[in-house]
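First the structure, in the form of structure tokens, and then the observations on it.
4 protein chains.
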Amino acid sequence: MINVSIAGGTGYTAGELLRILLRHPEVNIESVISTTSVGMPVAEMHRDLLGETELLFSDCFINPDVTFLCLGHGLSREFLEKNHLPTDCKVIDLGNDFRNEPQFGDRNFVFGLCELNKELLKEAKNVANPGCFATTIMLALLPLASKNLLQDEIHAHAITGSTGAGKKPVDTTHFSYRDNNISVYKPFRHQHLEEIGNTLVAAGNRQLPQINFVPMRGDFTRGIFASIYTKWNCSMGNDDIISYYKEYYASSPFVFVSEQPISLKEVVNTNKCLLHIEFYNGYIHITSITDNLLKGASGQAVQNMNLMFGLDETMGLKLKGSVF
Amino acid sequence: MINVSIAGGTGYTAGELLRILLRHPEVNIESVISTTSVGMPVAEMHRDLLGETELLFSDCFINPDVTFLCLGHGLSREFLEKNHLPTDCKVIDLGNDFRNEPQFGDRNFVFGLCELNKELLKEAKNVANPGCFATTIMLALLPLASKNLLQDEIHAHAITGSTGAGKKPVDTTHFSYRDNNISVYKPFRHQHLEEIGNTLVAAGNRQLPQINFVPMRGDFTRGIFASIYTKWNCSMGNDDIISYYKEYYASSPFVFVSEQPISLKEVVNTNKCLLHIEFYNGYIHITSITDNLLKGASGQAVQNMNLMFGLDETMGLKLKGSVF
Amino acid sequence: MINVSIAGGTGYTAGELLRILLRHPEVNIESVISTTSVGMPVAEMHRDLLGETELLFSDCFINPDVTFLCLGHGLSREFLEKNHLPTDCKVIDLGNDFRNEPQFGDRNFVFGLCELNKELLKEAKNVANPGCFATTIMLALLPLASKNLLQDEIHAHAITGSTGAGKKPVDTTHFSYRDNNISVYKPFRHQHLEEIGNTLVAAGNRQLPQINFVPMRGDFTRGIFASIYTKWNCSMGNDDIISYYKEYYASSPFVFVSEQPISLKEVVNTNKCLLHIEFYNGYIHITSITDNLLKGASGQAVQNMNLMFGLDETMGLKLKGSVF
Amino acid sequence: MINVSIAGGTGYTAGELLRILLRHPEVNIESVISTTSVGMPVAEMHRDLLGETELLFSDCFINPDVTFLCLGHGLSREFLEKNHLPTDCKVIDLGNDFRNEPQFGDRNFVFGLCELNKELLKEAKNVANPGCFATTIMLALLPLASKNLLQDEIHAHAITGSTGAGKKPVDTTHFSYRDNNISVYKPFRHQHLEEIGNTLVAAGNRQLPQINFVPMRGDFTRGIFASIYTKWNCSMGNDDIISYYKEYYASSPFVFVSEQPISLKEVVNTNKCLLHIEFYNGYIHITSITDNLLKGASGQAVQNMNLMFGLDETMGLKLKGSVF
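Residue numbers (this note's numbering), protein chains in the order written: chain A, 1 to 324; chain B, 1 to 324; chain C, 1 to 324; chain D, 1 to 324.
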């Protein structure tokens, strides 16, 4: 059994981790850390867990095999500085602290995109879990990058559910504002652009592609729908590209290419990413969908844990979708 | 022209008042008071008003003919203590301070349910605007109360939109929580029960009826849907009761009895209240719908203003519904 | 392995059954029957199943150990007449054909409320799966019925998600109508009333209680929220009643009593039922929540299958909630 | 008074026209034509109109000054062929029949984009009302086109509410599917592309710009949110462009440039279009919002009627937004 500790236990990604790990056959949750809620039953905060766990929030870890950091962006570094984790305790960071700056003391963070770095992750002691927008967009483009086919600008719009904005109520997550509403935020300058670009180069694209990315706030809670296109004057036939995508992801148990147009709820509450590819006007157009809390956060984190500990990649992650 | 001042100008009911009054042919908005936003353009706070007004928030009134109090519950009394309104300035309070305790210094507040107190309101200098749940439930029961027919317990469930909870983001109005969710709050002890009971007695019911009222939080923004029933062993025929309802409301320009079952969006963004009446199992069952921000708050407040100033009751209130 | 056949394979309850059974360790899905879609991949209809199954719809069963009937109400009887199931093939009917009329030829249907009939279900060959509203309301009242404490009228409002209305688009499930809308349907005369009453008597209540039940259509997709109350002049203390509820459901792995008020999404996408109990004004007030497609339909059907085949009741049903 | 006839009276755009015209001070609704519902009260179909009109559907016009055609796309031509409208009866077509092919017998249709063709519309006898996506996108680009500044490809994503898909329930407007869901349809090949291109040229752009347009289905009912960008290497300063936009629309009473980022609900239930402009990475990025049933359909149709009959352009169209 893997002894797991979760830091930042009251937030959304921690709650989702708990939902997965409580059902994971090889995991023992040793501690759920929250400095603000010590002693409170975990199921009182994550109310859906009533009847599923008697765990209480604590303020420290004991001797975990792996610690998941579910802290706000920028706080993981601080946590590691303040808390002296045992050297052999692995770390999976769900924040963005180590995605683009992987070194921290003796710890070197592998970028946790399972579909690109599977072999590295099997050996990794520290993993920087990718961002949710980044995962959704990277999985749409990896096969093209691997063949150095991203030669032109990339145009991407992606619309996210409100859980991406976390647990704290603010104006843009106020129900009276958000319901039936749509807005744009951080257009052309979202913080995930850096990890997307770096990853596409790591995957084989020789030059860093320019990505014009417009993130949007959607009036739903879970999921990211990305619509991406780039100029297409490749000698490969259209069907060949689609076949290549399928082949590229053949050993990836959570990424699938759909022949039919896709809609977001086909992946909600699962760890899957679905892709759909069409060609128009000299463009290749790719739609990509994930659940931001699962493949975009806690699900991928568990997938990484499975790889790091030599388990089947899908263990605990064959989740029934909610669909509706 | 009526010179209007609005106190508590940044909240939801003030915004809705502004939307109505900016289109009202007999109103001049003299001041929109907000101690926290003095100098800010009103349209920067109420963003939909872009292009419709150049008003700025101020911290005082000048010489209004009427002041609308859009403050938090309990704060109207405080406002009147601190600010010495001209004696001849009328007051319409949208809070609950004077609904059940109508006397404040020289000011005596008339309960602003237009369908019950129309004649009193024409002479009123101070009006306590009814609560939103209260309005929706009272309008369903007034005709029965007027004939002393409320002899048994009343059972009421009513589900409200999120705007009823105001502008400040809190846990129960967080989109990730509220979307696709339903919950109950303050069952059997909602603060509107007192004004409902008092009003039904004032309408003619000799005894104070017991009302079992369960309010629910709905996953929509505007409107209240109430489902109400009470035992029925009246000698009047069912059709006669429906006819009586129609007759009772014949001179009320915003209350209608529908022969067909009703759904909430038939009144959203209007000042209307629709009622539908059926009989089953020895019960009379009444459904009643309003827009909580309009007939349940700012719309009724303007209706009261119209009555107080001798204008047509519907002036500025023939609003196009949003329906969808 | 249990060989399973599903009749009516294209509908919502069949889809939900497939999602569960494809992950069930002791099930082999032998056939998914749809006379209208023979030969079509199941994952083309239930699009979220892409990558999870290669099954095709067929027009017949082969030799199933159990057949789930996911047909429209009234069509199960017809199916059994037209198709000669092997005598030893068990049947679980998700429709309402046999809930109140349990005999059909040699087949005698046990009412599949696991929390009441667990021992009977372990021996059952044919099961009539309860309705979704019925399940939610019965579980709220069973402990009281078991002590013959339902002596007065019961007042119930329950609001349901749109999936309860099935897959076929109609006016009341049209998005433009249903979004942000609320309505009542079949008040005081819903077809589930009969099975609720019969079950409460079977549970131990000596007289059939009168239930005033108002079903409502909610603007969400999954779940039922029921608010139920009845007069309370029992000699048992309030805390004792809550303790008794916990004790009553101690061996029921999916029913829990929450000390805190509950909200619908705490059970969505799970097989759980949560109850919360309070006392006011001489009434006991119980809120009860389920996912209409799971504990209210397909989840309970699988729970019944587990019991019928001597498996752990929870097998395949420890589902991660979607929560948001 | 203008005598108005509405053909295709049961659909969504007709309902919205009725809501506006019943409040329009210079309009008399002579006939609401529906061949399928002759004799039915209009308020029985458009239920929110209860108490607002006694009109019945009829099967013919009498002697209208103007007929609005609210028929399915492609059916306006057929209607005019079958029904011999008086020669002096003006026609406003809300379908797409005459937008790109303006000639029909003696009737020549002016493209009804008020902000471009105001002077022509004042003289027009026949108007082809623009499409909803088209309006939202054209208004974002008109000022650039007028200066021949659209020299590069245009990238546009726009997400629409469900009312754009009309009244008939279909799979993609089924609530259980659409709620909390997002999908793409007709990417790069939407039928509005032609009228957008033609209009931009008519506005002054010398070449037909290539527009890469991805329409999306949103999980809300009203409104279109468009996010549009194109390469920007203009010698005009950024502030100058914004000033030019304001100047361009100075005489357009419904189009406003917001200094702040915009969100869809700022225009819902109004006839307004809001624009917001920013500059990044060598691109100009414009967001544009309208209500698809108002500025995108029936509101603009009434605006056209006002122009055609010499009335104030805004008459009947100063609508209170619903905002929430």
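Glycine included, every Cβ here is placed at the ideal spot set by N, Cα and C.
Since we're looking at a predicted model, the values are computed, not measured.
With at least 16 other beta carbons inside 10 angstroms of its own, D/V302 counts as buried. Under a 10 Å Cβ-count criterion, D/H73 is classified as exposed, with fewer than 16 other Cβ atoms of the shown protein chains found around its own Cβ. In the structure shown, D/Q103 falls within a strand segment according to DSSP collapsed to helix, strand and coil. In the DSSP assignment, C/T287 falls within the unbroken beta strand (DSSP E) covering Y283 to T290.
Counting only residues of its own chain and dropping the five nearest sequence neighbours on each side, A/P187 has a CB closer than 6 angstroms to the CB of V214. If you draw a 10 Å sphere on the C-beta of D/H84, you find fewer than 16 other C-beta atoms in it, and that means exposed. CA-to-CA, the gap between A/T136 and D/K318 works out to about 43 angstroms.
B/N269 and C/L264 have their C-alpha atoms some 27 angstroms from each other. For C/T160, the uninterrupted beta strand (DSSP E) segment begins and ends at I154 to T160. Below the 8 angstroms Cβ cutoff, chain A contributes N180, N181, I182 and S183 as neighbours of D/L264, in chain order.
For the 7 angstroms CB-CB criterion, A/I154 and A/W232 do not form a contact. Of all residues in the stretch 193-223 of chain D, only Q210, N212, V214, M216, R217, G218, D219, F220, T221, R222 and G223 place a beta-carbon less than 9 angstroms from a beta-carbon of chain A. For B/I211, there is no enclosing alpha helix (DSSP H); the enclosing beta strand (DSSP E) covers residues I211 to R217. Boundaries for D/F175: no beta strand (DSSP E) harbours it, while the alpha helix (DSSP H) harbouring it runs F175 to R178, taken from the DSSP string. The beta carbon of A/L17 sits no closer than 7 angstroms to any beta carbon of chain C.
Against chain B, the CB of D/V323 has a partner CB under 7 angstroms away; the residue lies at that interface.
For D/V170, the closest Cβ of chain C is nearer than 7 angstroms.
By the Cβ test, the stretch 46-55 of chain B is in contact with the stretch 11-28 of chain B, since at least three Cβ pairs between them sit closer than 8 angstroms. With a cut-off of 8 angstroms on Cβ pairs, the stretch 100-116 of chain A is not in contact with the stretch 154-163 of chain A, counting fewer than three such pairs. In this structure, the CA atom of A/C60 is about 36 angstroms from the CA atom of A/S252. Residues of the same chain with a CB within less than 7 angstroms of the CB of C/L150, apart from the 5 flanking positions on each side, are L141, L144, L200, N205, P209 and T230 in chain order. Between the beta-carbon of C/V257 and that of C/I242 there is about 6 angstroms, and that keeps the pair under the 8 angstroms contact cut. Straight across, the Cα-Cα distance linking B/L116 with B/G9 is about 29 angstroms. In the DSSP assignment, C/N3 falls outside any alpha helix (DSSP H) and lies within the beta strand (DSSP E) extending over I2 to A7. Ranked by Cα distance from A/D97, the options A/H190, A/C89, A/P64 and A/L71 are led by A/L71. DSSP places B/L307 within a helical segment (H, G or I) once states are collapsed to three. Secondary structure of C/A140 (DSSP, three-state): helix.
The beta-carbon of C/F225 is placed no less than 7 angstroms from the nearest beta-carbon of chain A. Using a Cβ distance threshold of 7 angstroms, B/I2 and B/E26 count as a contacting pair.
A check of alpha carbon separations from B/F220 across B/I211, B/S5 and B/T172 identifies B/T172 as the nearest. Contact of C/H174 with chain D is assigned, a C-beta pair being separated by under 7 angstroms. For D/F79, the enclosing alpha helix (DSSP H) begins and ends at L75 to K82. Against chain C, the CB of A/K186 has no partner CB under 7 angstroms away; the residue lies outside that interface. A distance of 7 angstroms or more separates the beta carbons of C/A134 and C/I228.
Against B/T287, the close residues of chain C are V184, in the order they occur along the chain (beta-carbon pairs closer than 8 angstroms). Proximity of chain D to A/E259 at the Cβ level (cut-off 7 angstroms) is not reached, the minimal Cβ distance being about 15 angstroms.
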